[in-house]
Each structure stands twice: as C-alpha cells, then as structure tokens.
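Number of protein chains: 2
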Amino acid sequence: MEIRIGELAQRTGCEVVTIRYYEKEGLLPEPARSSGNYRLYGEEQVKRMQFIRHCRSLDMSLGEIRTLLNLWDSPTQDCGKVNALLDDHIRQVEARVEALLQLRLHLTALREKCAGARPVEACGILQGLVNCSCHTVSTRDEASAGV
Amino acid sequence: MEIRIGELAQRTGCEVVTIRYYEKEGLLPEPARSSGNYRLYGEEQVKRMQFIRHCRSLDMSLGEIRTLLNLWDSPTQDCGKVNALLDDHIRQVEARVEALLQLRLHLTALREKCAGARPVEACGILQGLVNCSCHTVSTRDEASAGV
DNA sequence: AAAATCCCTATAGTGGCTATAGGGTCAAGC
DNA sequence: GCTTGACCCTATAGCCACTATAGGGATTTT
C-alpha cells in the first residue's frame, strides 16, 4: 500500500502543504519517493499522521506532539511522561477557560453601558473603554487549531 | 506635558517596541519629535494608548480596535456599530469557551485511560490518540493577548 | 570625559499554517 | 504524438501581535 501525499491529506483531513510542513518540522520522517520524485507513504505514516491530527484537534502544540511522538518512538519507556504532559495540557485549557470567562464578564458589563443609537461621543461603551482602569490579564493561547 | 516613549510605555503597561508597532500599524498617529529625533507624546496620545491597551486586555484584535478608533475619531456617527462590534466579540469569546469546554471533556476522558507507570507501548493514552476517530473542531483563536 | 540610560531604524523570528509563483509528472483522450 | 488536466515538486512570502537582535545616536549622570 503506497499512497501519495494527496490521498494522505484526504485520509487525515488536512491540506497537502500541512503534511509537507510537518515533515519540515520533523514530526514526519522523510518518506520514500517515486521515480518522479513524488512522496510515497505507507500504513505507518498514515497512523502517525492520524496521531498528529488527533493531538492537534485536542489543541496540543506541535512541540507537545513532538514530545509524545518521541515517547511513541521509544516504546519501552515509562509512560509517566505522557500522563504528565496531558495533565499539563488540561491545566492550560482550564486556565484559558477561566480567563475567557472573566473576559466575558467584563465584556458584558461594558456592553450594558450602551443600549441605544446615540452619537459616538456619548456612547457609554467607548467612554468605558477610555476610563476603565482594570487591566485583566488574559493568558496567552498561542497553540490553537481547527481540524 | 510632553513625555517620551519610555514613559508612555510605563504608563500604559506595555513595551516601547509595542508603541512603535502600533504607530506603524496606523493605530497611533505619528507623534511630534524632539530636536534629537525622540518621539514626544501628549495627553491625547496617552488616552489613545490606554484605549488600545484596554481593548487588547479584552482580547480584541488590532483590526477591531482600528474600527473602534475610527468611530472614536468621528464622534458624530451613530454608535450602533460600536454595539455591534462588541456583540460580535462577545459571541466569539463565548464560542471559544464552548470549544474549550468540549476539548476539556475529551482530554479528561483520554487522561482516564492511563493511571499507571506502564511502558509507553501499553499506555492507554497513546493508544487512544492513535485509534480515536473523533475529529472535534476547535475554533481558531488568533487574537489573544496578555496585558 | 566617560559611563549609563535612554532612544532611533531596520530586520528577523515566533506558531501553525495559507497562499503564491513557477515549474515537473503522469494518465486519459484525440 | 500531442494536448489537457489533475496531481505533484520546491521555494518564498504572508498572517497576527508582538519579541528579539544588531548597530548605532542622544541625553543624563557620575
């Protein structure tokens, strides 16, 4: 079973360029090539791609995924690190949810300051945005993805 | 009252380079310059920066902020657009929270598949990551910031 | 006068892709 | 054999909101 990059993309629900990007980033090994220099993939790589895509759908960064793949590639190791990584990731997600809920409170409070169709200079929202002194800290969330 | 970029940064809780970046992006007008070519800011710009930073702390993108600043600069306009932008932003935040809560469910379910210190090849989590066929769609969240 | 602190411009890097330019390969149909 | 079209290749630039770096000049303090 040898498939080309287009079929791998189709099977794993991503773009062709994304696969090449993962290869460049070292998440996928360099594949075999056809006589015409096309990338050729086997069952192994399909599994690996599914693994990566599933991790991405769980919002893991490529760095986190790289760590998991390294463990995956040395199967006799203790899986405690897998658990730790996942726990850490869950905590990140929870922190992000907390931050966003705080944010929503601020936004809805702000929104209530203007209900009508006044001229902008009288709009309570813009006034609120200038004068409010609260500086909430929302956690950074750099590794998000859609699948 | 004429302050230099360092003090403006201090007063608005951001880096000097960030202010220059906002200027380059057209959110701040080009300021006056001292004889030694230093940027000089007045009360007006401090307010404008506070506005921008507060919007950022509410996770608005620079594009959204640009829109608000344009309204801000033409104060006789109807403020309905301000309300609409904020409503839209609130919806974005709510959607992101929803997506993250779904994510957390998946992550905790996955986490329960392994409790111990087994070799990686027997780890339920990695198995779950390979075999699970669910492909949840998490919304993209490109405009996040910390203040 | 020297050192420390501020400021300047310009450029490259971050993550996880997406988009574009400019080509090569291969199977099917005429 | 020749064209069409679908697929593939590499290399490069762009997205966002910064951050970091290099290499210098201005001002203030010692």
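Those protein sequence lines, which keep their order, are chains A and B. One point on numbering: in the UniProt record's numbering, the residue at position 44 of the first sequence is 44, and numbering is uninterrupted. One point on numbering: in the UniProt record's numbering, the residue at position 96 of the second sequence is 96, and numbering is uninterrupted. All C-beta atoms in this analysis are idealised placements derived from N, C-alpha and C, irrespective of residue type, glycine included.
Chain A within 8 Å of residue i, Cβ atoms only
i, result
"Ser138(B)", "At Ser138(B) the pLDDT is 38, less than 50, meaning the model places this residue with poor confidence and gives no usable figure here."
"Pro31(B)", "no"
"Val97(B)", "yes"
"Asp88(B)", "no"
"Leu62(B)", "no"
"Arg20(B)", "no"
"Ala117(B)", "yes"
"Arg104(B)", "yes"
"Gln127(B)", "no"
"Leu71(B)", "yes"
"Leu26(B)", "This sequence places Gly at residue 26(B); Leu is not what is there. Gly26(B) does not count as touching chain A."
"Cys14(B)", "no"
"Gln10(B)", "no"
Rounded Cβ spacing between residue i and residue j (contact assumed at less than 8 Å)
i, j, result
"Pro31(A)", "Tyr41(A)", "5 Å"
"Arg96(B)", "Leu100(A)", "6 Å"
"Arg104(B)", "Glu94(A)", "6 Å"
"Ile125(A)", "Leu126(B)", "The Cβ separation is near 49 Å, so there is no contact."
"Cys114(A)", "Cys79(B)", "6 Å"
Three-way DSSP call (helix, strand, coil) for residue i in this model
i, result
"Asn131(B)", "helix"
"Ala115(A)", "coil"
"Asp59(B)", "coil"
"Leu8(A)", "helix"
"Leu110(A)", "helix"
"Ser144(B)", "With a pLDDT of only 38 at Ser144(B), under the threshold of 50, the placement of this residue in the model should not be trusted, and no figure is reported."
"Tyr21(B)", "helix"
"Leu69(A)", "helix"
Where residue i falls, given that 16 or more other Cβ within 10 Å makes a residue buried
i, result
"Leu58(B)", "buried"
"Glu64(A)", "buried"
"Thr12(B)", "buried"
"Val17(A)", "exposed"
"Ala109(A)", "exposed"
"Tyr22(A)", "buried"
"Val82(A)", "buried"
"Val120(A)", "buried"
"Met1(B)", "exposed"
"Leu129(B)", "buried"
"Ile19(A)", "buried"
"Arg53(B)", "buried"
"Arg39(B)", "buried"
For residue i, the nearest candidate out of the options (CA to CA)
i, options, result
"Leu71(A)", "Glu7(B), Cys123(B), Gln10(B) and Val16(B)", "Cys123(B)"
"Pro75(A)", "Gln10(B), Arg4(B), Val17(B) and Arg118(B)", "Arg118(B)"
"His106(A)", "Leu103(B), Lys81(B), Arg56(B) and Leu68(B)", "Arg56(B)"
"Ala84(A)", "Val97(A), Ala99(A), Lys47(A) and Thr67(A)", "Thr67(A)"
"residue 148(B)", "Glu44(B), Lys24(B) and Gly26(B)", "Within the shown structure, residues of chain B are numbered from 1 to 147, placing residue 148(B) beyond reach of any answer."
"Val46(A)", "Ala9(A), Val93(A), Asp87(A) and Gly26(A)", "Ala9(A)"
"Met49(A)", "Gly6(A), Gly80(A), Cys114(A) and Val93(A)", "Gly6(A)"
"Asp73(A)", "Glu15(A), Leu27(A) and Gly36(A)", "Leu27(A)"
"Ile90(B)", "Met60(B), Ala115(B), Gln77(B) and Gly80(B)", "Met60(B)"
"Lys24(A)", "Leu62(A), Asn37(A), Phe51(A) and Ser34(A)", "Leu62(A)"
Beta carbon proximity, residue i to chain B, threshold 8 Å
i, result
"Glu121(A)", "yes"
"Thr108(A)", "yes"
"Ser35(A)", "no"
"His135(A)", "Confidence in His135(A) is poor, its pLDDT being 47 and thus under 50, which makes the residue's placement unreliable; the coordinate value appears in the next sentence. At least one chain B Cβ lies under 8 Å of His135(A)."
"Arg111(A)", "yes"
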